[in-house]
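S.K.: This is the structure I want to talk about, given as structure tokens.
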Amino acid sequence: MVLNGAEVVEVSMPWVDKGRAINLGVIRPEAVSVHESLMAKNANLYTSDLRRRIQSGSSITAIDYVNAQRARQWFNQQMSESMKQVDVLITPSIPIQTPTIKQCKSDKNGEAASQLPMFTSVFDVTGQPSHSIPCGFTSGGMPIGMMITGHPYDEKTVLRVGNAFEKLTHWHQRVPADIPEIN
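Counting in numbering that gives the first Met the number 0, the sequence shown runs from 0 upward without gaps.
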């Protein structure tokens, strides 16, 4: 992209690790609010793991939820300040090599699955438009994702950058290795 006119600017965000905790403090009680009646009527449509994660929001107190919302405002201000000099922010989509579904299910501690939203949850907090596109593959044939995040309400720029990257590369046309047939 640099060869085609993009300028790379490194952005420091030492506070960004707080985003995941803020996200959980907001999203879990909201998930209970959205899904509570649906789960009561259609429990069979929810896996036991999903029900457990949703129901964990019931333990978050109202004051903790309000504090998470306040922290969210602070976090959004930090993000806005950090992105003043850039049009988009480029990050990995996930912080680990893409695990297979089987690896996530066999991970008894849930470490792989819990790491997957580490970067995406930051932008759930800010509400910024983000777009994940393939930017490579591991030696094992699993995709590597690049997340393009823009300023609030600037989906157009995010999609333009993603489209430009896909015109310069062919990662989006490659199929991951060992994808089982679905019958």
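For every residue, glycine included, the Cβ atom is placed at its ideal position computed from N, Cα and C.
#1: Just to confirm before moving on: does the CB-CB distance between Thr90 and Pro142 stay below 8 Å?
#2: Where DSSP assigns a beta bridge to Leu2, which residues make up the other side?
#3: Less than 8 Å between the C-beta atoms of Thr156 and Asp86, yes or no?
#4: What did DSSP end up calling Phe136 once you bin it into helix, strand or coil?
#5: Please name the residue in Met82, Thr99, Gln102, Ala20 whose C-alpha comes closest to that of Ile147.
#6: Smallest Cα separation from Leu115: which of Thr99, Arg173, Ile53?
#7: Express the C-alpha separation of Asn66 and Trp73 in angstroms, rounding to a whole number.
M.R.: Quick answer:
#1: no
#2: According to DSSP, which records beta bridges pairwise, Leu2 is partnered with nothing at all.
#3: yes
#4: strand
#5: Met82
#6: Thr99
#7: 11 Å
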